[in-house]
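Start counting the sequence shown at 28; every next residue gets the next number (the working numbering).
Cβ coordinates follow ideal geometry from the N, Cα and C atoms, glycine included.
The structure appears below as structure tokens.
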Amino acid sequence: MEINIISVGKVKERYIQEGIDEFIKRLRSYTRINIIEITDERIPANPSLKEQESIKEREGERIMGSLAARSYVIAMDVKGKPMSSEGLARSIQDLQISGYSSISFVIGGALGLSTEVLKRADFRLSLSHMTFTHQMVRLILLEQVYRAFRIIRGEPYHL
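Rendered as structure tokens:
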């Protein structure tokens, strides 16, 4: 199984990057993990709705260019379906059984994901009803994917 985390923007805070690096290191014993950073667009002060859509479209084009044709795509979306850690583990395991060898989690930029990316997604997942920075979402998602693989293997996961 290969897990791709496609995320708009770079991680700027060192403490978040250290957490991300730790979970990538832990995940390597369970799966191949790829972090694909998409360049984010500069957002002007007080952008109009049209400007916001244009920014999401440009970022979305770069995201679409990074998606493997045969990957199962999960868009991280505050309006998506919430899932427990056990539910995520079951979903990953079901995808493996169904023959998927690649899952791509897509994290949008500050304005979210384009309509095109959301339409391409096979599933929309919400980590919370709260809004997090894309940097924090990357860290939380990696922790949850790590926890899911521990659950799949029957290992303790409340660590």
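Would you report the Cα separation of leucine 54 and phenylalanine 159, rounded to the nearest angstrom? 23 Å
Hey, how far is the Cα of isoleucine 130 from the Cα of arginine 177? 17 Å
Measure the Cβ-Cβ separation of serine 141 and proline 109 and say whether it is below 8 Å. no
For methionine 110, name the three-state secondary structure that DSSP assigns. coil
So what does DSSP say about leucine 166, is it helix, strand or coil? helix
Under 8 Å: do the segment 103-122 and the segment 169-183 share three or more Cβ pairs, one atom per stretch? Taking 8 Å as the limit for Cβ pairs, the verdict is that the segment 169-183 does touch the segment 103-122.
Cβ-Cβ separation, methionine 91 to valine 164 (assumed contact under 8 Å), whole Å: 19 Å between Cβ atoms; not a contact.
Just to confirm, are serine 34 and isoleucine 65 a CB contact at a threshold of 8 Å? With a cutoff of 8 Å on beta-carbon distance, serine 34 and isoleucine 65 are scored as near each other.
Rounded to a whole number of angstroms, what is the C-alpha to C-alpha distance between serine 93 and glutamate 45? 25 Å
When burial is assigned at 16 or more other CB atoms within 10 Å of the CB, is histidine 161 buried or exposed? buried
Looking at aspartate 104 and arginine 59, is the spacing between their C-beta atoms short of 8 Å? Contact: no.
In chain order, which beta strand (DSSP E) runs of at least 3 residues are fully inside the segment 134-158? 150-153
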